[in-house]
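Read through the structure below, which is laid out as structure tokens, and then see the notes.
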């Protein structure tokens with residue numbers, strides 16, 4: 151499995167930190183020492199600048215990436231998701247979702263999935279239902295919208311921009327790379343910030 155992080159100007163830095171750190175290190179995996187490399191992809195090989203002003207050079211372009219149905223694709227939020235510049239990556243989603251690709255979309259990326267009709271038949275969430283309907287007039291998935299911090303429906307994981315932790319939790323659960331006790335302790339530690347969960351996390355790794 152490859153994990154691809156789609157990057158672009160205005161990318162919301164905070165939304166993918168939890169998931170990329172855990173995938174890239176594999177520090178809490180069931181099988182330690184077997185991390186998942188996070189590969190950054192973009193429309194071009196030009197440097198992109200995040201919302202926080204951080205410059206990132208993509209590892210490769212969308213066009214030169216050989217996607218498969220076994221991959222994970224992470225789509226962070228940003229300010230440009232309703233623009234046509236993202237049509238190439240949305241074409242990847244449309245082609246490879248039926249083949250088994252897992253797609254995680256957070257914040258603005260959920261707008262693009264809604265606009266493309268991808269959320270019309272799947273349970274999902276976003277920043278706000280009313281706002282989603284306003285900016286995506288052709289969106290037909292309102293009955294499947296859930297007011298939850300993150301939602302998984304088969305291979306599609308969605309979350310609002312305020313829930314990067316839950317976004318990561320759902321992806322990790324879907325990938326089944328953490329033991330259940332590890333995931334529970336990991337989430338509780340970051341959510342509740344109580345030291346006892348750190349010790350529970352360490353114990354779960356034994």
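In our numbering, the protein residues as written are 151 to 356.
Yeah, the Cβ is synthetic: ideal placement off N, Cα and C, and Gly gets one too.
Please report the straight-line C-alpha distance between residue i and residue j, rounded to a whole angstrom.
i, j, result
"residue 250", "residue 305", "7 Å"
"residue 346", "residue 322", "22 Å"
"residue 272", "residue 294", "6 Å"
"residue 237", "residue 352", "43 Å"
"residue 214", "residue 285", "31 Å"
"residue 200", "residue 230", "12 Å"
"residue 206", "residue 154", "14 Å"
"residue 344", "residue 337", "11 Å"
"residue 303", "residue 266", "17 Å"
"residue 299", "residue 243", "22 Å"
"residue 195", "residue 212", "9 Å"
"residue 313", "residue 165", "8 Å"
"residue 156", "residue 331", "30 Å"
"residue 174", "residue 158", "20 Å"
Within the same chain, show all residues whose beta-carbon is closer than 6 Å to that of residue i, passing over the 5 residues directly before and after it, in chain order.
i, result
"residue 340", "315"
Going along the chain, which residues of its own chain have a beta-carbon closer than 8 Å to the beta-carbon of residue i, five neighbours each way excluded?
i, result
"residue 278", "310"
"residue 320", "254, 300, 301, 302, 307, 309"
Since residue i and residue j are thought to touch, with beta carbons under 8 Å apart, how far apart are those beta carbons, to the nearest angstrom?
i, j, result
"residue 325", "residue 291", "Between residue 291 and residue 325 the Cβ distance is about 24 Å, and since that is not below 8 Å, they are no contact."
Skipping 5 residues on each side, what residues in its chain have a beta carbon closer than 7 Å to that of residue i?
i, result
"residue 329", "180, 354"
"residue 259", "225, 226, 227, 231"
_Given 8 Å, three or more beta-carbon pairs between the region 218-225 and the region 251-267_ = yes
*Every unbroken beta strand (DSSP E) within the region 178-258, with a cutoff of 3 residues, ordered by chain*: 188-192, 222-225, 252-256
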